[in-house]
Amino acid sequence: MNIQEYFARISYNESHKDADLQTLTLIFQHHIRAIPFENLSMHCGETIKLDLQSIYNKIVRKKRGGWCLETNYLLFWALQEVGYDVCILGGKSYEPAEKTYKAGINHILLKVVIKGNSYIADAGFGGPYQAWQPLMLISGKDQPQIPGIFRFTEDNGTWYFEKVKRKHYIPEPSVPLTDTPELGNIRKIYTFTLEPRDINDFQELNTYLQVTPDNLLQKKSICTLQTSEGLYALVGWTFTETKYKYTEDLDLVQFTTLTDEEVEKTLKDKFNIVLENKLVPINVRGLPPNIVDMI
Numbered sequence: 147m148n149i150q151e152y153f154a155r156i157s158y159n160e161s162h163k164d165a166d167l168q169t170l171t172l173i174f175q176h177h178i179r180a181i182p183f184e185n186l187s188m189h190c191g192e193t194i195k196l197d198l199q200s201i202y203n204k205i206v207r208k209k210r211g212g213w214c215l216e217t218n219y220l221l222f223w224a225l226q227e228v229g230y231d232v233c234i235l236g237g238k239s240y241e242p243a244e245k246t247y248k249a250g251i252n253h254i255l256l257k258v259v260i261k262g263n264s265y266i267a268d269a270g271f272g273g274p275y276q277a278w279q280p281l282m283l284i285s286g287k288d289q290p291q292i293p294g295i296f297r298f299t300e301d302n303g304t305w306y307f308e309k310v311k312r313k314h315y316i317p318e319p320s321v322p323l324t325d326t327p328e329l330g331n332i333r334k335i336y337t338f339t340l341e342p343r344d345i346n347d348f349q350e351l352n353t354y355l356q357v358t359p360d361n362l363l364q365k366k367s368i369c370t371l372q373t374s375e376g377l378y379a380l381v382g383w384t385f386t387e388t389k390y391k392y393t394e395d396l397d398l399v400q401f402t403t404l405t406d407e408e409v410e411k412t413l414k415d416k417f418n419i420v421l422e423n424k425l426v427p428i429n430v431r432g433l434p435p436n437i438v439d440m441i
């Protein structure tokens, strides 16, 4: 494994001699715009291995993406190589349908300490809840970014992460807008503690998600990528393009239903992914028009 090869993969050409916030932000932004959040391996008959060499070969050399366990672990390695004080944390994602957080840890995120200040760098949540910059770990402070306003709150050692949602404009008269969120609507994302974790703490989860049929990642083939303007998302056969019009408190959402052949072409054209094995797209439950709200 080679840090320069990783930098080439994410098209990062800047200096990294200073392990400061500016460099962290640039590496982070290149990472999320080059490496998709995707679970396509499990829908191609491939096993996802949670060791660094396998992840490196998949994402850096084969130009694939990965889910949070893969893409954040790769970022963890890269930041260590550059010289950052970084550790792994475990999160529990919020389930809107059940209006509660998961009972067990099902997400990996990173804490980076720079000059005594702690930041959360999470490149692996994907979709519309992916921050575009590292977030200062401070309770109760609004942290506006182009994707929206993010916020942490802390209660007795437990941290909660949330985002203020914007309205969506969907330029398609045949599509109902009943699911468009109201301005100021809060979306809970996940909760976590500051207990440092090891990648081996997630091995059981990595296996569980691949063999248990009753989880979101089994029910949907997902590929999302942050763009310079917003977000690409491919869930099953539905391709969604979101443009963040943050100055107007509005996001433009356009979606297209694809054929199997168009799915393969879209993966190549929009996500720079060429799969080795045949993808079987899946979306067990139908999604409302603003599909990006549901992934």
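Count along the sequence shown from 1, add 146, and you get the number used in the working numbering. Just so you know, even glycine gets a beta-carbon here, dropped at the ideal spot from N, CA and C. Remember, predicted model here, so these are calculated numbers, not experimental data.
So does residue 385 have its beta carbon nearer than 8 Å to some heavy atom of the ligand NAP?
-> In the structure on display, the ligand NAP does not appear, and there are no ligands present to speak of.
May I ask which residues mark the beginning and end of the alpha helix (DSSP H) holding residue 352?
-> Along the sequence shown, one-based indexing puts residue 352 at 206. First-last of the alpha helix (DSSP H) with residue 352: 349-357.
Verify the CB distance criterion: does residue 398 have a CB-CB separation below 9 Å to chain B?
-> Looking for chain B here will not work: only one protein chain is present.
Can you check DSSP and say which residues form a bridge with residue 239?
-> Numbered from its first residue, the sequence shown carries residue 239 at position 93. Answer is 336, bridged to residue 239.
Taking residue 282 as the reference, which of 167, 420 and 398 has the closest Cα?
-> Walking along the sequence shown from the start, residue 282 turns up at place 136. The shortest C-alpha separation from residue 282 is found at 167.
So the alpha helix (DSSP H) residue 219 belongs to, where does it begin and stop?
-> Numbered from its first residue, the sequence shown carries residue 219 at position 73. That run of the alpha helix (DSSP H) goes 214-228.
Taking Cβ positions, are residue 377 and residue 384 nearer each other than 9 Å?
-> For the purposes of this step, residue 377 is taken as residue 231 along the sequence shown, with counting starting at 1. For the purposes of this step, residue 384 is taken as residue 238 along the sequence shown, with counting starting at 1. Going by C-beta atoms, residue 377 is not nearer than 9 Å to residue 384.
Report yes if the CB atom of residue 333 is closer than 9 Å to the CB atom of residue 240, and no otherwise.
-> By one-based count along the sequence shown, residue 333 stands at place 187. By one-based count along the sequence shown, residue 240 stands at place 94. Yes, these two residues count as a Cβ contact at 9 Å.
Leaving out five residues before and five after residue 365 in sequence, what residues of the same chain have Cβ atoms less than 6 Å from its Cβ?
-> Locating residue 365 in the sequence shown gives position 219, counting from the first residue. Excluding residues within five positions, the ones whose Cβ falls inside 6 Å are 430.
Answer yes or no: do residue 260 and residue 186 have a C-beta to C-beta separation smaller than 9 Å?
-> Counting from one through the sequence shown, the residue named residue 260 turns up at place 114. Counting from one through the sequence shown, the residue named residue 186 turns up at place 40. Cβ distance not < 9 Å, so residue 260 and residue 186 don't count as in contact.
Between 159, 181 and 183, which lies nearest to residue 172 when the distance is taken from Cα to Cα?
-> As a first step, residue 172 must be located in the sequence shown, where it is residue number 26. Of the listed residues, the one whose Cα sits closest to residue 172 is 159.
What runs of the beta strand (DSSP E), each 3 residues or longer, lie entirely inside the stretch 247-304?
-> 253-260, 263-267, 288-291 and 294-301
Can you pull the DSSP bridge partners for residue 376?
-> The residue you call residue 376 lines up with position 230 of the sequence shown. Answer is 389, bridged to residue 376.
For the alpha helix (DSSP H) that residue 152 lies in, which residues bound it at each end?
-> Along the sequence shown, read from residue 1 onward, the residue named residue 152 stands at position 6. Start and end: 149-155.
Rounded straight-line distance, which links the Cα of residue 361 to that of residue 195 = In the sequence shown, counting from the first residue as 1, residue 195 sits at position 49. In the sequence shown, counting from the first residue as 1, residue 361 sits at position 215. The alpha-carbon atoms of residue 195 and residue 361 are separated by roughly 18 Å.
So what does DSSP say about residue 158, is it helix, strand or coil?
-> As a working mapping, residue 158 is identified with position 12 in the sequence shown. DSSP places residue 158 in coil when its eight states are reduced to three.
Less than 9 Å separating the beta-carbons of residue 238 and residue 338?
-> Here residue 238 corresponds to residue number 92 of the sequence shown, with the count starting at 1. Here residue 338 corresponds to residue number 192 of the sequence shown, with the count starting at 1. The answer is yes: Cβ separation under 9 Å.
Take every Cβ of the stretch 265-278, pair it with every Cβ of the stretch 215-231, and state whether three or more of those distances are shorter than 8 Å.
-> yes
Cβ neighbours of residue 390 in the same chain (closer than 7 Å, five flanking residues each side left out) = Start at 1 with the first residue of the sequence shown, and residue 390 comes out as number 244. Hits under 7 Å: 292, 293, 375, 376 and 397.
Assign residue 184 to one of two classes, buried (16 or more other C-beta atoms within 10 Å of its C-beta) or exposed (fewer than that).
-> Your numbering for residue 184 matches position 38 in the sequence shown. With 16 or more Cβ atoms within 10 Å of its Cβ, residue 184 is classed as buried.
Is residue 365 helix, strand or coil by DSSP?
-> Position 219 of the sequence shown holds residue 365. Looking at residue 365 - three-state DSSP - the assignment turns out to be helix.
Grab the span of the beta strand (DSSP E) containing residue 402 for me, first residue to last.
-> Numbered from 1 along the sequence shown, position 256 holds the residue referred to as residue 402. Its beta strand (DSSP E) spans residues 396-403.
List in chain order: all unbroken alpha helix (DSSP H) runs of 4+ residues lying wholly within the stretch 157-215.
-> 167-180 and 198-202
Go ahead and pull the three-state DSSP assignment for residue 413.
-> Position 267 of the sequence shown, counted from the first residue, corresponds to residue 413. Residue 413: helix per DSSP, three-state reduction.
Thinking C-alpha only, which one of 388, 253 and 245 is nearest residue 316?
-> In the sequence shown, residue 316 corresponds to position 170, counting from 1. Ranking the options by Cα distance to residue 316, first place goes to 388.
Straight-line gap, residue 226 to residue 174 (C-alpha atoms, nearest Å) | Residue mapping note: residue 226 aligns to position 80 of the sequence shown, counting from 1. Residue mapping note: residue 174 aligns to position 28 of the sequence shown, counting from 1. One C-alpha to the other measures close to 13 Å.
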